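Residue numbers 5 to 255, in my numbering, belong to the letters of the sequence shown in order.
Note that the Cβ used here is the ideal one computed from N, Cα and C, for glycine as well.
Keep in mind the model is a prediction, meaning the values are calculated, not measured.
Single-structure report; data block below.
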Amino acid sequence: MSVVGIVCAMKSEASCIMNLRFPLYKLARPGENTRLCLCGVGTNMAADAASLLHKYGVDALVSFGVAAALDPSLTPGDLVLPETILTEDKIGAGAEAEVNRLVNQTWRNRIQRQLSSQLTIVGGILVTSQVPLTSREAKLELGKATGACAMDMESGDVAEVAAKAGLPFIAIRVIIDPVEFSPPEALLSVVYPDGSVQLFQFLSLLLNRSVDIKTVFHLALAMQAARTTLLAVVKTLGMGLDSKLTDRISG
């Protein structure tokens, strides 16, 4: 049976698969046929994690975690199973750039059929940005320029590693922030790469009213909705995210 390598940026994402603390770039083994690598937020970091997984012999790659909505109809907890991954630096570069980042359609479609009775699922384009989007205007502009329904910061590089290695690839992403709401830049400044918060700096933001408690509460509810969906995905597909399929999707 194939071994699936899963890339997660944040601890809150990885803990939906394996509730065990481990450092960045240390491979974990949540299941017999699964390897998990926590990379931290960012495109280059995701590429390094995917390359490390490939080095240790995985047969397929998954980008697993949360995403920002570019489509106003999407809400926290909606599941995005994209058919195409696009990176900002390839916008306008032609069809070839996008073809190299197509997900494995057989694997993706099988997963959608397994999950469709439980969750709200959308397909389309997932675009990878090198910077977080912190405004409604920025999200709408990127969505218009790319035709993408959602954005993350890791899937493009994981898809690129998979394409170069000839490995099946899918992205499983759940909306955490809708178009109308984004985490403020001040809050992002006190977040570690793995998504954990610098407590004293965070409390300082609250005391200085740089971030209000309503925003924090809104973000907490959104993360809870996203994690509920991610946990449902893992419960249905297993920690290997349906790894048995990869024996039949290598083409």
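Start-to-end residues for the beta strand (DSSP E) that takes in residue i
i, result
"residue 9", "8-12"
"residue 154", "154-156"
Distance between residue j and residue i (C-alpha atoms, nearest Å)
i, j, result
"residue 169", "residue 143", "32 Å"
"residue 164", "residue 51", "8 Å"
"residue 173", "residue 24", "25 Å"
"residue 109", "residue 167", "14 Å"
"residue 132", "residue 64", "20 Å"
"residue 181", "residue 219", "12 Å"
"residue 233", "residue 123", "7 Å"
"residue 227", "residue 116", "22 Å"
"residue 157", "residue 239", "25 Å"
"residue 113", "residue 89", "15 Å"
"residue 183", "residue 54", "29 Å"
"residue 139", "residue 146", "11 Å"
"residue 72", "residue 19", "20 Å"
"residue 57", "residue 31", "8 Å"
"residue 141", "residue 186", "11 Å"
Residue range of the alpha helix (DSSP H) that includes residue i
i, result
"residue 178", "No alpha helix (DSSP H) holds residue 178; the beta strand (DSSP E) holding it covers 173-181."
"residue 159", "159-169"
Contact belief for residue i with residue j at Cβ below 8 Å, rounded distance in angstroms
i, j, result
"residue 149", "residue 128", "The Cβ separation is near 14 Å, so there is no contact."
"residue 125", "residue 83", "5 Å"
"residue 175", "residue 67", "4 Å"
Within the region 14-100, ranges of the beta strand (DSSP E) (whole runs, at least 3 residues): 32-35, 38-42, 64-73, 88-91
Completely contained alpha helix (DSSP H) runs for the region 97-147, where each covers 4 or more residues: As for any alpha helix (DSSP H) of minimum length 4 sitting wholly inside the region 97-147, the runs are 99-103, 109-119, ordered along the chain.
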